[in-house]
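Student: Sequential numbering of the sequence shown, starting at -11, is according to our numbering.
Yeah, the Cβ is synthetic: ideal placement off N, Cα and C, and Gly gets one too.
Bear in mind that the values here come from a model prediction, so they are computed numbers and not experimental data.
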Amino acid sequence: MKNIRRILYIIALVALASSCESYFDVNLKDQADLDGIFSKRGSVRQFVANLYTYLPRDEQIQTNEGGVVLRADEALFGASQYNYVWYKYRHGDYSTGTPEDDASGNFWYKCYKGISQCSIFLQNVDKDVEDPVEYREYMKAEARFLRAYYYFCLFRFYGPVIIWGEEPAPEDAVGSELDRNTLEENVEWIVNELDEAAKVLPLSVQDVNTLTEKTDMGRATKGAALAVKARLLLYAASPLYNGCDLYKGIKNKEGKFVFPQEYDGKKWERAAKAAQDVLDLGIYELCKATEPTGDAFKDAAQAYQNVFFQPWNSETIWGWWFRTWAPADPFAGSVGGLLAAAVPMAISGSSPKYGWQLITPSMKMVDAYPMWETGRYPVTGYPRDDRGLDYSQPIVDPLSGYQPEGWEENYKQPIDADWAEPFKAHKSCVGRDPRYYSSLIPNGFWWPCQELNVRVTDYAGRDATNRWLPAGNINRVGYTWRRWYKAETSLNTAANYQAIRYVFPAFRLAEIYYDLAECLNEQPARDGAAACAALNKVRNRAGLPNIEVSYPGIEGDQELLRWCIRQDKMVEFGFETMRHFDATRTMTALDEYPCDNWTLHLKADNYEESWQRVNTDFNGENCAVFRERDYLLPFSAKQMAEMVNFTQNYGF
């Protein structure tokens, strides 16, 4: 333990120095000269900027932390021949020996590196005499906030972990003497850190002239601290962390129960208060249409799209600017690489074609979007077979207005394609809410770029635009994910993707409304009317009627309202790494995840036949698996070998 921590400590500081030589006039050949680093304003500011480099890569769905999207039930990854770690997790093919680096699903080391660097900064920043006291206090609050956030990132994957407190991990720590702090100790320490940071952090970080990678936007604010606190307390109130039977009786070395032994309903009240605190700041509002057309549907779509397309909008509480995967990656950018993995080759005109069409929405995700006129969620569930949910037989709400079969002749695409010719559309795609068309390109729809003038038809026949093939990078579900694609954007070259540098909204106001709605619905003194009012904020932005109009009497029906909140949140936050953590913390993943690989029948020779739902066309035999052990990740075998008395998670 001593050697490992000393190496990580020195490597991190040397890497910081060597990457920014202009900021340092110190010799770090043998040891880190902290006094020298913290005596200069430039190097201090570079150090605090470095603290942000440990942020989770939630926007990178192909790997890293964002892979929870592919682990969940909202997406499918078409290239099953690529044995990525999240593909392993989806099919239950993992253990404590799964590869150790953070790109392979192990986030222990990455987060503790960040935590250690934050503590080092807090211990030394007052050596900076070139910055005014007020600015040093702000940087301290940043470091305190980030340290708390990195602990939360560990918490969401592993449950309670070791809390080192104010000091960096001691160099003389003995692995056999270490064990986890309790869940309550984790929560209270993180909450206290966020509260302390929020006292100092500003309401907003003043922007500079242009929004570039050199701007201060994305630095910590009071709202960011309160939003992280609200999410943490929501988790702590949820079934997985609040008296879960799976973790009862588990004690650490000190004889303390690692997890709460009894359910405490009052935790929902505390979480509701935390969400309300964010709202009470009064500085955030849901995105609106910036160029309203007077068409309610199109304006609602524009408002939703602005969450990504309008940088640093009023809804973003905390987000991060673009960053690269690797120096040589041509798809550098917050979502440029993701978009390249999602869009069809058919819409890319250059060679090689930059469009791998591997990441697609699942059939369940497609079914989740509500209907525009009624505001009801059309599919209420699925029958089960021996492999899980059977998506080929959706259970349809007859009051929703949804039609799972049949054709709409001369259908006009509702947004982003006024120029396109009417076409024959499957009725399941007709009349959905604006978020559906802002997020998906169903089989047979036009790609929203007039210059390309391509109708994306996904099947095996030679007249298909986007042909299904037995192998290779092709769409294997029948729906393309376009959420991050702004209409009329060219994607012909690597440079086009490189230019896509959205702000990833890691925390945004819509989440706070969902959190508040859920807490008010679950707390002991349930307030169904107030919960509906919070949910309606997001539904109304999507142009939907109030939930009480769509479902009369829902204020008094806790179970129905709970389901509606979950359905709408799944839709609103599609591919934003929210779904998996919601499904695990609520302990619904065991029912919701297991299923076969259901797709449209893309092996068909013609458009009409391609609209059958089948489980035989997907390139990959394994169905999605979820077991009770999968609610939390295991601590790695490598870590457990070093910390031999550490309390492992259930099932490992």
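#1: How do the stretch 248 to 255 and the stretch 213 to 233 stand: do at least 3 beta-carbon pairs fall below 8 Å, yes or no?
#2: Can you tell me the Cα-Cα spacing of Leu377 and Asp116, whole angstroms?
#3: Out of Arg529, Val491, Phe26 and Tyr75, point me to the one whose CA is closest to Arg124's CA.
#4: Hey, out of Asp570, Gln105 and Ser538, whose CA is closest to Leu39's CA?
#5: On the criterion of 16 or more Cβ atoms from any shown chain inside 10 Å, does Lys557 qualify as buried, or is it exposed?
#6: How big is the Cα-Cα spacing for Tyr100 and Lys626?
#7: If Cys583 and Arg375 are in contact, beta carbons under 8 Å, what's the gap, nearest whole angstrom?
#8: Count the C-beta pairs between the stretch 557 to 570 and the stretch 379 to 399 that are closer than 8 Å, then say yes if the count reaches three, no if not.
#9: Threshold first: 3 residues or longer. Then list the beta strand (DSSP E) segments lying entirely within the stretch 448 to 495, N to C.
#10: For the structure I just gave you, are there three or more beta carbon pairs, one from the stretch 538 to 558 and one from the stretch 281 to 292, closer than 8 Å?
#11: Per DSSP, Gly369 forms a beta bridge with which residues?
#12: Rounding to the nearest angstrom, what Cα-Cα distance links Gly85 and Ser624 in this structure?
#13: Count the other CB atoms within 10 Å of the CB of Glu596; is the residue buried (16 or more) or exposed (fewer)?
#14: Identify which residue in Tyr272, Phe297 and Tyr75 has its Cα closest to the Cα of Gly608.
#15: Would DSSP call Thr281 helix, strand or coil?
#16: Touch check for the stretch 574 to 582 and the stretch 378 to 392: three-plus C-beta pairs under 8 Å?
#17: Please go through the same chain and pick out, in chain order, the residues whose beta-carbon is closer than 7 Å to the beta-carbon of Glu155, but skip the five residues on each side of it.
#18: Would you decide whether Glu303 is buried or exposed? Buried here means 16 or more other CB atoms lie within 10 Å of its CB.
#19: Which residue from Ala408, Gly466, Cys520 and Phe109 puts its Cα closest to that of Asn431?
#20: Helix, strand or coil: which one does DSSP assign to Pro422?
#21: Mind checking whether Val331 and Leu479 have CB atoms under 9 Å apart?
#22: Could you give the distance in angstroms between the alpha-carbon of Arg78 and the alpha-carbon of Ser192?
#23: Quick check: the stretch 347 to 357 against the stretch 416 to 435, are there 3 or more CB pairs under 8 Å?
#24: Would you mind giving the Cβ-Cβ distance between Ala213 and Phe143, rounded to the nearest angstrom? I have them listed as a contact below 8 Å.
#25: Quick one: residues in its chain with C-beta nearer than 8 Å to the C-beta of Leu171, no 5 flanking neighbours on either side, listed in chain order?
#26: For Ile150, which beta-bridge partners are listed by DSSP?
#27: Can you tell me whether DSSP reads Phe26 as helix, strand or coil?
#28: Evaluate Leu620 with the Cβ neighbour count: other Cβ atoms within 10 Å of its Cβ, from every protein chain shown; 16 or more gives buried, anything less gives exposed.
#29: Between Pro158 and chain B, is there a C-beta pair that is closer than 9 Å?
#30: What residue from Ser427, Arg443 and Leu182 has the CA that sits closest to Phe433's CA?
#31: Just confirm the distance between the C-beta atoms of Ala260 and Leu504, as a whole number of angstroms; I'd bet it's less than 8 Å.
#32: Over the uninterrupted alpha helix (DSSP H) stretch that includes Lys244, give me the two end residues.
#33: Quick one: complete beta strand (DSSP E) runs, 3+ long, within the stretch 48 to 76?
#34: Whole angstroms are fine: how far does the CA of Phe109 sit from the CA of Asp605?
#35: Closest to Ile335 by C-alpha separation, out of Glu62, Asn454, Gly460 and Trp599, would be which residue?
#36: Would you kindly check if the distance between the Cβ of Val32 and the Cβ of Glu173 is under 9 Å?
Tutor: With the structure as the only source:
#1: Remark: three or more beta-carbon pairs, one from each stretch, lie closer than 8 Å, so the stretch 248 to 255 and the stretch 213 to 233 are flagged as touching.
#2: Roughly 59 Å separates the two Cα atoms.
#3: Minimum Cα distance to Arg124 is reached at Phe26.
#4: Of the listed residues, the one whose Cα sits closest to Leu39 is Gln105.
#5: The C-beta of Lys557 has 16 or more other C-beta atoms within 10 Å across all chains shown, which makes the residue buried.
#6: For Tyr100 and Lys626, the distance between alpha carbons rounds to 15 Å.
#7: With a beta-carbon spacing of about 7 Å, Cys583 and Arg375 fall inside the 8 Å limit used to define contacts.
#8: With a cut-off of 8 Å, the stretch 379 to 399 and the stretch 557 to 570 do not count as touching, because too few Cβ pairs lie within range.
#9: Runs of the beta strand (DSSP E) lying entirely within the stretch 448 to 495, each at least 3 residues long, are 467 to 469 in chain order.
#10: Using a Cβ-Cβ distance cut-off of 8 Å, the stretch 538 to 558 and the stretch 281 to 292 are not in contact, since fewer than three pairs of beta carbons, one from each stretch, lie closer than that value.
#11: Within the DSSP secondary-structure output, Gly369 pairs in a beta bridge with Ile383.
#12: Taking the straight line from one Cα to the other gives about 6 Å.
#13: With fewer than 16 other Cβ atoms within 10 Å, it is exposed.
#14: Taking only the C-alpha atoms, the option nearest Gly608 is Tyr75.
#15: In this structure, Thr281 counts as coil in the three-state DSSP scheme.
#16: No, the stretch 574 to 582 does not touch the stretch 378 to 392.
#17: If we look at Glu155 and ignore the five residues flanking it on each side, its Cβ neighbours are Ser107.
#18: Per the 10 Å Cβ criterion, buried.
#19: Ranked by Cα distance from Asn431, the options Ala408, Gly466, Cys520 and Phe109 are led by Gly466.
#20: In the structure shown, Pro422 sits in a helix (DSSP, three-state: H, G or I).
#21: Yes, these two residues count as a Cβ contact at 9 Å.
#22: C-alpha separation (whole angstroms): 39 Å.
#23: Contact between the stretch 347 to 357 and the stretch 416 to 435 is present: 3 or more CB-CB pairs across the two stretches fall below 8 Å.
#24: At roughly 16 Å, the Cβ-Cβ gap does not stay under 8 Å, so Ala213 and Phe143 are not in contact.
#25: If the five residues before and after Leu171 are omitted, its C-beta is found closer than 8 Å to the C-beta atoms of Gly147, Pro148, Ala224, Tyr229, Val246, Phe247 and Pro248, all from its own chain and listed in chain order.
#26: None, per the DSSP bridge assignment.
#27: If DSSP states are grouped into helix, strand and coil, Phe26 belongs with coil.
#28: Flag for Leu620 reads buried.
#29: Reference to chain B is not applicable here, since this structure consists of a single protein chain.
#30: Comparing alpha carbon positions, the residue from Ser427, Arg443 and Leu182 closest to Phe433 is Arg443.
#31: Right, their Cβ atoms sit about 6 Å apart.
#32: Neither: Lys244 is in no alpha helix (DSSP H) and is coded neither H nor E.
#33: The qualifying runs are 63 to 65.
#34: Going by the C-alpha atoms only, they are around 54 Å apart.
#35: Among Glu62, Asn454, Gly460 and Trp599, the Cα nearest to that of Ile335 is on Asn454.
#36: No, they are not a contact pair.
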